[in-house]
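Residues 6 to 341, numbered by my numbering, are exactly what the sequence shown covers, in order. Built from N, CA and C at the ideal position, the CB exists for glycine as well. As structure tokens, the structure follows; a few thoughts come after it.
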Amino acid sequence: MRQITVTEQLLIHQKASPMATGRFTRLLNELILAAKIVSREVNKAGLVNILGLTGDINIQGEQVRKLDEMANGIIIHRMQRAGLLCAMASEENADLIEIPPQFAHGDYILIFDPLDGSTNIDVNVSIGTIFSILRRTHEEGPVSSEEVLQKGDHQVAAGYFIYGSSTMMVYTTGDGVHGFTLDPSVGEFLLSHPNIRIPEKGKVYSVNEGYWNYWDEPTKKAVSYFKSTDNKKRKPYSLRYIGSLVSDFHRNLLSGGIFMYPKDSRDPKKPSGKLRLMCEANPLAYVVEQAGGAASDGEKRILEIEPYELHQRTPLFIGSKEDVFKAVSFYREQNA
Ligand code: P6P
Numbered sequence: 006m007r008q009i010t011v012t013e014q015l016l017i018h019q020k021a022s023p024m025a026t027g028r029f030t031r032l033l034n035e036l037i038l039a040a041k042i043v044s045r046e047v048n049k050a051g052l053v054n055i056l057g058l059t060g061d062i063n064i065q066g067e068q069v070r071k072l073d074e075m076a077n078g079i080i081i082h083r084m085q086r087a088g089l090l091c092a093m094a095s096e097e098n099a100d101l102i103e104i105p106p107q108f109a110h111g112d113y114i115l116i117f118d119p120l121d122g123s124t125n126i127d128v129n130v131s132i133g134t135i136f137s138i139l140r141r142t143h144e145e146g147p148v149s150s151e152e153v154l155q156k157g158d159h160q161v162a163a164g165y166f167i168y169g170s171s172t173m174m175v176y177t178t179g180d181g182v183h184g185f186t187l188d189p190s191v192g193e194f195l196l197s198h199p200n201i202r203i204p205e206k207g208k209v210y211s212v213n214e215g216y217w218n219y220w221d222e223p224t225k226k227a228v229s230y231f232k233s234t235d236n237k238k239r240k241p242y243s244l245r246y247i248g249s250l251v252s253d254f255h256r257n258l259l260s261g262g263i264f265m266y267p268k269d270s271r272d273p274k275k276p277s278g279k280l281r282l283m284c285e286a287n288p289l290a291y292v293v294e295q296a297g298g299a300a301s302d303g304e305k306r307i308l309e310i311e312p313y314e315l316h317q318r319t320p321l322f323i324g325s326k327e328d329v330f331k332a333v334s335f336y337r338e339q340n341a
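Structure follows, in structure tokens:
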């Protein structure tokens, strides 16, 4: 197959959307450069002493691992100099990240999780970078928090990089979902998965069943449904849970299935579950809907949630449309 680079694909999209300008293409290419550098560091992590903990605790109250910090620093350094952003927000940083005055500014906002799945770093399980791109709502001046706290339906683009057996980039700009695989010999992401469509219904469910005793009834009914049989017509789903959101999501996007991170009663400070709306749920919800799937918090589409706080969390049911609708039906029953 003729090799198509991301740049070519973006230019095709740019031609198709008169609104798109070369600036957006440049923005995505800057992010790709940052991801290539992160990929290089992740892939040699075992050889250089950058595994393990830094001893710091991030805004999420999680221990910061050296690769987390490194990835966060690389992305911030590169994207501050891209001349296309007016602000950034990272899962690792409590507040908005300003663009220093000495660098050119643009009207895009980048929200990202620099290295999701970081607890898996030291055991060589695939991890990833998740990104969401918004456009500011005011013309100029300092970026206000309400310009950043836009609902997921307003995203201009979203996607992720997955650092696994190969490094891939999967993204959408509202014109379908496309997957690219990094060819390290030329340092280019080449189109490997054009127009990804998630199967309407899967055979896999992904959830941490260890939290069973902390779940509410609708969650228990949903999980019980996926593992049950029904007078032999319906076989149970298989449980696949890597504990790395990007990896679990990517497998289900390509092969079908549902990923669930419901709310649970373990931590009263986190009543809505562990995953973050702005830098995890929103970007993956945009990708999955563009691929024909669905994403819900149990009551509404993830992309309809009006954010009130940069690091707010949300329950997440995401994947094949029929499976998500089935899971959500148990919440609807409860609220009926
Ligand atoms: P648990 C990784 O820390 C992460 O944020 C996601 O990548 C992953 O899906 C989830 O947490 C796993 O959480 O509570 O099942 O260990």
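Between residue i and ligand 1, is the CB less than 7 Å from at least one heavy atom?
| i | result |
| --- | --- |
| Asn213 | yes |
| Gly122 | yes |
| Lys279 | yes |
| Asp253 | yes |
| Tyr266 | yes |
| Ser249 | yes |
Measuring CB to CB, does residue i end up less than 8 Å from residue j?
| i | j | result |
| --- | --- | --- |
| Val175 | Gly169 | no |
| Phe136 | Tyr113 | no |
| Gly122 | Val130 | yes |
| Ala300 | Val333 | no |
| Ser325 | Gly298 | yes |
| Asn327 | Glu152 | A small correction: the amino acid at residue 327 is Glu; Asn does not occupy that position in the sequence shown. No; because the gap between Cβ atoms is not below 8 Å, this pair is not in contact. |
| Tyr291 | Gly146 | no |
| Phe117 | Cys284 | yes |
| Tyr246 | Asn218 | no |
| Lys41 | Leu196 | no |
| Asp269 | Tyr216 | yes |
| Ser249 | Ile79 | no |
| Thr319 | Ser277 | yes |
| Leu32 | Ala76 | no |
| His110 | Ile102 | no |
| Phe335 | Lys240 | no |
| Ile263 | Leu289 | no |
| Leu258 | Val293 | yes |
| Lys331 | Tyr242 | no |
| Val47 | Cys91 | no |
Can you grab the Cα-Cα spacing for the pair residue i / residue j, in whole Å?
| i | j | result |
| --- | --- | --- |
| Ala99 | His82 | 17 Å |
| Tyr266 | Pro312 | 19 Å |
| Ile62 | Lys71 | 12 Å |
| Thr177 | Gly60 | 36 Å |
| Pro199 | Thr10 | 12 Å |
| Lys275 | Met93 | 24 Å |
| Pro119 | Val209 | 27 Å |
| Met84 | Gly192 | 19 Å |
| Gly179 | Leu139 | 12 Å |
| Asp221 | Leu321 | 14 Å |
| Ile126 | Asp73 | 9 Å |
| Val161 | Gln68 | 31 Å |
| Pro106 | Leu315 | 23 Å |
| Arg45 | Asp235 | 48 Å |
| Arg306 | Leu16 | 31 Å |
| His143 | Lys232 | 49 Å |
| Glu304 | Gln339 | 11 Å |
| Leu115 | Lys238 | 47 Å |
| Gly57 | Ala296 | 36 Å |
| Glu35 | Ile201 | 24 Å |
| Ala163 | Thr134 | 11 Å |
| Pro223 | Leu154 | 29 Å |
| Thr12 | Phe254 | 25 Å |
| Lys279 | Glu97 | 14 Å |
| Arg337 | Ser171 | 40 Å |
| Ser95 | Gln65 | 11 Å |
Counting contacts by CB-CB distance shorter than 8 Å, is residue i in contact with chain C?
| i | result |
| --- | --- |
| Ser301 | Among the chains of the structure shown, chain C does not appear; only one protein chain is present. |
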